[in-house]
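Residue numbers (our numbering), protein chains in the order written: chain E, 59 to 268; chain D, 9 to 578.
Next up, the structure:
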């Protein structure tokens with residue numbers, strides 16, 4: 059049983075917002091692949107897949123007061139972390155599953171109200187990212203209102219680790235090739251992305267023989 | 009398609025050529041490469057005229073890229089930098105439907121071809137292959153399709169494609185139909201290439217050949233200082249099918265006696281023959297007047313009569329009881345007075361012509377009419393190499409080549425007229441006249457005076473064509489150059505020479521680059537009327553292998569009677 063990290067607050071066709079306890083953020087790293095069940099009358103089950111793309115930690119009056127204390131006690135910090143005020147996590151939709159099939163398209167249905175957000179296991183990351191022609195990358199690359207180069211770098215680093223764990227260290231090369239192909243007509247953006255990838259994947263790229 | 013695809017057609021036109029995006033590194037495709045593009049129903053043949061480096065965006069080749077991981081730089085370059093080739097389509101041929109996708113349609117196509125309803129042959133290109141047609145290097149079958157198959161009669165391997173070494177043939181019967189030229193700077197192998205061609209023409213017996221061998225290098229074996237080997241002469245392989253003629257009595261060629269010596273009857277020399285030598289003899293503008301006055305008075309004997317006259321000879325005569333010294337009857341001055349010519353003009357010409365008067369190859373009444381013998385040899389299908397021996401001066405070359413060629417052409421014109429007017433008269437045998445240092449005879453000034461300019465313009469009307477060999481084609485009259493059918497050129501360094509070689513040809517810009525980028529040795533661009541498309545070849549080597557391949561077992565047995573006996577009688 060996968061651990062529930064939060065519940066749906068609101069959604070659009072391209073992203074959704076999830077509310078979660080502050081301490082759950084430790085299990086939702088930036089760029090991680092997550093999923094939430096969709097809303098449908100169809101007999102087949104389905105999930106929306108997305109990347110953790112943006113996180114907002116709420117502010118409270120207690121926090122303001124504690125911030126100026128010379129040294130907040132561990133109890134005070136723990137008390138603040140267990141507050142009922144939810145953190146907000148924005149998830150960028152990158153595909154969906156319908157039955158057993160994975161698609162790198164926007165979902166035909168929105169997430170269920172109060173849908174539970176769960177973190178994808180490494181095996182599911184591998185299953186999702188090796189599907190088709192890596193088409194899900196285009197959803198990331200067109201997210202101009204997000205720190206896209208950083209999001210992509212974070213995602214590829216995590217996905218690469220999952221693939222290495224499953225014996226496919228070359229996956230990242232195909233992913234980078236695809237990114238280059240999709241962005242080659244936009245040199246400034248591509249060069250920013252590649253710069254971020256150089257930082258995120260030094261070992262993986264060092265293994266590639268030019 | 010079994011061959012490697014070099015790339016795909018992206019665009020272009022008949023005029024500007026097709027743009028092909030390469031899938032292989034640029035070093036795999038060279039300028040001048042012969043390529044094939046297959047489209048539904050049609051096959052296109054073309055030549056690569058340019059290779060260019062491209063990028064999807066200029067930013068990727070600027071120095072503003074951040075310091076990326078080497079692997080990323082490599083992947084970025086793979087995706088954003090690429091190479092294109094420009095291909096000039098030259099020929100197209102119908103190939104019918106794809107036999108795997110439409111076997112019935114393909115069978116129908118073959119039946120229509122067999123029934124003569126469709127003509128399957130390479131034809132001049134009239135359209136372009138569609139987008140994304142695959143492009144590959146021509147294989148031996150493609151080269152044979154265009155340039156001639158080994159099974160075709162009278163085809164001759166002149167060289168090999170530069171990329172894959174496929175044999176490139178020329179169809180010799182087409183080659184000799186119009187005058188042709190072999191060009192190249194000194195040391196590029198013109199003479200060897202000419203020997204190859206002559207060996208091919210003689211071996212396949214498609215024409216008689218008359219070689220004006222100014223430097224005595226075609227007939228007998230001689231050392232090659234570059235390769236430090238002995239190079240076979242044509243006579244060594246064709247024996248009695250070649251008559252080696254030495255100019256003048258007693259002349260030796262490479263220290264060997266020729267088959268016979270040429271002595272020209274002085275009566276064959278016309279004033280026009282001397283007028284050609286106006287620069288060589290440093291004659292004045294009045295020379296023509298004097299020459300024609302001599303001809304009017306003495307006819308064909310003018311040269312001999314003039315030779316017999318003396319400058320300044322006098323005699324004493326009695327006049328009115330007084331002795332008076334006057335020009336003698338056999339003096340130049342007496343003849344000048346009689347002919348109404350200024351004596352000084354006549355004396356000047358006589359002095360200049362002394363150079364010719366002293367030539368032993370001109371005789372009043374030679375014991376054998378070897379000039380006529382040359383014509384007969386050529387008519388009877390033998391080949392003649394006229395070696396100039398010690399007479400290597402321009403004066404001798406200009407006079408003798410023009411005079412002999414004029415006589416030969418007269419004979420061929422007569423044979424042609426007889427053939428046309430009388431049904432039982434055989435068609436004249438084609439004749440190829442080979443002239444080295446052709447610019448001496450075909451300069452703008454000379455071409456209008458010599459018989460060679462006439463022959464070049466006539467093409468094959470009288471079955472006589474020229475094979476001109478020269479290192480300075482820019483000094484040959486443009487009108488002659490533009491009449492040349494096949495042109496085979498080695499490397500040329502001078503832009504004017506390159507321009508001259510390409511005179512009158514289509515797609516000169518593309519060819520100019522191909523010509524300028526040839527290797528200095530053993531590469532040539534073959535182009536013009538005699539070949540279906542221009543092609544750069546690695547020229548065949550004129551060596552033992554060549555002769556063995558050309559003549560088969562006969563060449564390898566040369567000089568070994570025991571081997572010949574064994575081959576003939578077992």
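Idealized CB from N, CA, C, for every residue including glycine.
When rounded, the separation of the alpha-carbon atoms in residue 191(E) and residue 90(E) is 20 Å. Within chain D, the residues placing a beta-carbon under 9 Å from that of residue 239(E) are 87, ordered along the chain. The shortest C-alpha to C-alpha distance from residue 491(D) to any of 479(D), 510(D), 502(D), 354(D) is the one to 510(D). Residue 81(D) is positioned such that its CB atom lies no closer than 8 Å to that of residue 30(D).
Beta-bridge pairing by DSSP links residue 391(D) to 250(D).
The beta carbons of residue 243(D) and residue 468(D) sit no closer together than 8 Å. One thing to note: residue 559(D) has its Cβ no nearer than 8 Å to the Cβ of residue 287(D). In the three-state reduction of the DSSP assignment, residue 131(D) falls in the strand class, which pools E and B. Here the alpha carbon of residue 486(D) sits roughly 7 Å from the alpha carbon of residue 508(D).
Exclusion of the five residues before and after residue 322(D) leaves 333, 334, 335, 336, 339 as the residues of its chain whose Cβ lies within less than 8 Å of its Cβ. For the 8 Å CB-CB criterion, residue 144(E) and residue 79(E) form a contact. Listed by position along chain E, the residues whose Cβ is nearer than 7 Å to that of residue 68(D) are 245.
Residue nearest to residue 446(D) within the set 179(D), 196(D), 406(D) is 406(D) (criterion: CA-CA distance). Closest in C-alpha terms to residue 551(D), from the list 530(D), 541(D), 544(D), comes 530(D). For residue 226(D), the three-state secondary structure derived from DSSP is coil.
Looking at the DSSP output, residue 333(D) bridges to 324(D). The Cβ of residue 234(E) sits closer than 8 Å to at least one Cβ of chain D.
Contact check for residue 389(D) against residue 437(D) passes: the beta carbons are separated by less than 8 Å.
Following the DSSP letters along the chain, one finds residue 208(D) inside the alpha helix (DSSP H) bounded by residues 198-212.
Two segments are said to touch when three or more pairs of C-beta atoms, one from each, lie closer than 8 Å; by this definition the segment 14-24 of chain D touches the segment 93-113 of chain D. Around the beta carbon of residue 125(D), fewer than 16 other beta carbons sit within 10 angstroms, so the residue counts as exposed. In the three-state DSSP reduction, residue 313(D) falls in the helix class (H, G or I). A distance below 8 Å between beta-carbons, with the five flanking residues on each side excluded, links residue 256(E) to the following residues of its chain, in chain order: 263. The closest CA to that of residue 533(D), considering only 422(D), 280(D), 198(D), is found on 198(D). For residue 28(D), the beta-bridge partners assigned by DSSP are 17(D), 93(D). When the Cα atoms are used, residue 304(D) and residue 403(D) turn out to be separated by approximately 25 Å.
Taking a C-beta distance under 8 Å as the contact criterion, residue 495(D) and residue 188(D) qualify as a contact pair. Taking the CA atoms as reference points, residue 376(D) sits about 10 Å from residue 273(D). The C-beta of residue 64(D) comes closer than 8 Å to at least one C-beta of chain E.
Per DSSP, the continuous alpha helix (DSSP H) segment holding residue 506(D) begins and ends at 503-509. Residue-level contact check: residue 446(D) does not touch chain E, since none of the beta carbons of chain E fall below 8 Å from its beta carbon. Ranked by how close their Cα comes to the Cα of residue 42(D), the residues 28(D), 133(D), 145(D) have 145(D) in first place. Residue 84(D) belongs to the set of residues whose beta carbon lies under 8 Å from a beta carbon in chain E.
For residue 80(D), the nearest beta carbon of chain E is closer than 8 Å to its own beta carbon. Judged by their CB atoms, residue 155(E) and residue 104(E) are nearer to each other than the 8 Å cut-off. Between residue 143(D) and residue 17(D), the gap from beta carbon to beta carbon is short of 8 Å.
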